[in-house]
DNA sequence: ACACCAATCGTTTTT
DNA sequence: CGATTGGTGT
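Numbering (this note's numbering), first residue to last: 10 to 760.
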């Protein structure tokens, strides 16, 4: 058995798999077989050490990672794995808190506030306090609060240590914010972790229960954990000392979300008996790419000493190119993709374009449309963040937890019910003063439960009537929870709340919004089918923690457009990184910051992108970017890539859409491109390129078409020529590949 | 209370 | 340049 489990593992991987009775730190370089080690280690525990699957806990940071680990483990273990707990930190904690809720005086059906909810709450609090502080936005306040929470600093401690006016203000908001969450029976993401920590700290019998249950704890992407998460891990693993953490400090790119790179860097100090395994053989990339990555990362000071190596061949040189502006840069990228795909060297699903900020995708998308290239934009507009979805979810949350004021305020006047700002601010301030939720105030007003005199509130008759109707409507909805299925319930709310009519009247994107709601109803249907606990509360939790129906999978032949952050954990044969300019990557904020570790993180971000590539890597930059269009310097990171590894894109100001000439890159000395610090801003020789018109071409690669003479065929190439397009079509029946001009060919699309 | 218009604003990454 | 905020008028 042992031989089977350890088969195909290299010595370091084997060492990591077999180290099961000691703290373990695995430094897993990119492409070093990390997932393999984790899954095989689980198998080893179960089959070799006869550990029950129930005693194994795997924690990850993202849902993607959790579900991937789940798939890999169950693939390896033939379903005998049933019982291994693999989940994200956040959902693990949420599960725990629901189970132990009464100990913390928490309602079991607490609501989880996401980013948007938090912002709207903080905005409301700022307004209530009526203090104006310049340059302090709700977002700034929230990020400070979140930072404190992820370091386990409560509001009172924060207040004691406040050293200036802004911090005092923040402390005040922090205090109010906590009170508001409490009143609404709501937890934010940080609370899920923090309350779990408190639970373990204050209830020894609880922590020992879970220590006994989970004797083997593994944490993936350990470099992304924050202080609280690490503290929880220690609480869990204290009894056995059996904590295995896997990660790569060089891929720590989430410090802005309070991940602490020191967790992994000083793990060995916390656990002096820990075995440290260094996975330094790379199986993913060509030697050139790997060496480039190494050169890129080596100036960093906060890192683990690791020298990656590979048995892979050298492969192609890295391609570096510059466009005049972002449009030209996009043109270079997309036409090159079109080129290598038409030549059959790669398919679209082999290729990814990565960038620092989401807004960079726009220029790329336009060119994709122009060339008829299918693409998928990873995670830009999150399904559950869309307005109509959030609105309907808010109704559901309110049914589940009437005290959830944020959700109430969100939907009480959507669609318009004549409950305006005046009314709401009266209710709100009354609720604050009486330390109760708004729903509670309404109960008191209409159910006559207490001393609140209607006239004392100063509400108009119309407002009262509208409030009464809203309350009745919510009560009706609540009645359906036990009698109808989840999808039916959503359908009823959609219809009877007037939301359906509401979005129909906004005919602009009625179709799209309606489809989104259909999608939500479908999702609810799937959820009911697949989960034994299909309660409303469970559904809402899955919505806020599991989030998107996992990135729509990689179906079909599509080019991937993705941010560098999101690319972590993925790999592609061909990778383009766009925007290698100072100010973009590294981002301007990290350059301006007096904290040098921010710059190091940008470097790691670039490193993550580079190490996604298996065979070919293109690094692109643009001379002018954005609407300001100011000239920019090449990214300082480029200076750390040696010229020996690089080939310049032979593009020197010619019109881009003429031919594929510039794709024919040849090694040449290029004065145009100087990696040194004395870089001169190049003069662009031609006049500003004309605005290209985006013509909506009829055909794209992959379309099936019929031709009068040649018969049926499939489009394999597609090159725009002015308003027209030159098509390469592979016809059936031995006719072969023909080049045709779109406007003359009279092709018909067939299915 | 609501709809529309103007001005402003601030530009990262997200469980 | 785009989205969001604020103010206006009905």
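C-beta: ideal position from N, C-alpha, C; glycine also. Quick caveat: nothing in here was measured; it's all calculated off a predicted structure.
Applying the criterion that 16 or more other CB atoms from any shown protein chain within 10 Å of the CB defines a buried residue, is residue 492 buried or exposed? exposed
To the nearest angstrom, report how far apart residue 21 and residue 285 are at their CA atoms. 10 Å
Residue burial classification, residue 651 (beta-carbon count within 10 angstroms, cutoff 16): exposed
At least 3 beta-carbon pairs within less than 8 Å: the segment 577-587 vs the segment 338-358: yes
Using DSSP with H/G/I as helix, E/B as strand and the rest coil, what is residue 43? helix
Measuring alpha carbon to alpha carbon, tell me which of 392, 612, 631, 426 ends up nearest residue 778. For the chain, the structure presents residues 10 to 760; residue 778 sits outside this window and is missing.
Buried or exposed, going by whether 16 or more other CB atoms sit within 10 Å of the CB of residue 633? buried
Residue interval of the alpha helix (DSSP H) (run including residue 393): No alpha helix (DSSP H) contains residue 393, which DSSP labels as neither H nor E.
Bridge partners - residue 276, DSSP secondary structure assignment: Answer is none; residue 276 lacks a bridge partner.
Excluding the 5 residues preceding and the 5 following residue 626 in the sequence, name in chain order all residues of the same chain whose CB lies nearer than 6 Å to its CB. 298, 327, 584
Is it buried or exposed, residue 703, if we count other Cβ atoms within 10 angstroms and call 16 or more buried? For residue 703, the predicted model reports a pLDDT of 31, less than 50, meaning its position is unreliable and no value from the coordinates is stated.
Among residues of its own chain, excluding the 5 on either side of residue 267, which ones have a beta-carbon nearer than 6 Å to its beta-carbon? 156, 159, 235
In terms of residue numbering, what span does the beta strand (DSSP E) encompassing residue 248 cover? Note, residue 248: premise wrong, no beta strand (DSSP E); not H, not E.
Give me the Cα-Cα distance between residue 78 and residue 231, rounded to the nearest whole angstrom. 15 Å
In whole angstroms, what separates the C-alpha of residue 577 from that of residue 483? 43 Å
Is residue 429 buried or exposed, if buried means 16 or more other CB atoms sit within 10 Å of its CB? exposed
Inspect the beta-carbon positions of residue 183 and residue 244 and report whether they are closer than 9 Å. no
Count the other C-beta atoms from every protein chain shown that fall within 10 angstroms of the C-beta of residue 67, then say buried if there are 16 or more, exposed otherwise. buried
Could you spell out where the alpha helix (DSSP H) holding residue 172 opens and where it closes? No alpha helix (DSSP H) holds residue 172; DSSP gives it neither H nor E.
Per-residue burial, residue 697 [other beta carbons within 10 Å of its own, 16 or more giving buried]: Any reading at residue 697 is ruled out, since the residue's pLDDT is 35, under 50, leaving its predicted position unreliable.
Can the beta-carbon of residue 195 be found less than 9 Å from the beta-carbon of residue 122? yes
Same chain, Cβ closer than 8 Å to residue 200, neighbours up to 5 away in sequence not counted: 158, 190
Quick check: the segment 237-251 against the segment 590-597, are at least 3 beta-carbon pairs closer than 8 Å? no
Under 8 Å Cβ to Cβ from residue 147, same chain only, skipping five residues before and after it: list those, please. 128, 131, 132, 135
Return the Cβ separation of residue 614 and residue 628 in integer angstroms, given the expectation that the two are a contact with Cβ distance under 8 Å. Actually they are not in contact, since the Cβ atoms of residue 614 and residue 628 sit about 14 Å apart, beyond 8 Å.
Alpha helix (DSSP H) segments (min. 4 residues) lying fully within the segment 90-162: 98-108, 124-138, 147-159
Neighbourhood of residue 699 by C-beta, 7 Å cutoff - its chain only, sequence neighbours within 5 removed: Annotation note: pLDDT 33 at residue 699 (below 50); position unreliable, no value reported.
Excluding the 5 residues flanking residue 171 on each side, which residues of the same chain have their C-beta closer than 6 Å to its C-beta? 177, 180
How big is the Cα-Cα spacing for residue 399 and residue 709? 35 Å
Helix, strand or coil for residue 23? Go by DSSP, reduced to three states. helix
Going by DSSP, what residue range makes up the beta strand (DSSP E) through residue 631? 622-634
Please classify residue 204: does DSSP put it in a helix, a strand, or coil? helix
Neighbourhood of residue 530 by C-beta distance below 7 Å, restricted to the same chain and skipping five residues each side: 496, 499, 500
Can you name, in chain order, every residue of its own chain whose Cβ lies under 6 Å from the Cβ of residue 253, other than the five neighbours on each side? 33, 227
Helix or strand or just coil, what does DSSP make of residue 351? helix
Under the rule that 16 or more other beta-carbon atoms within 10 Å means buried, what is residue 641, buried or exposed? buried
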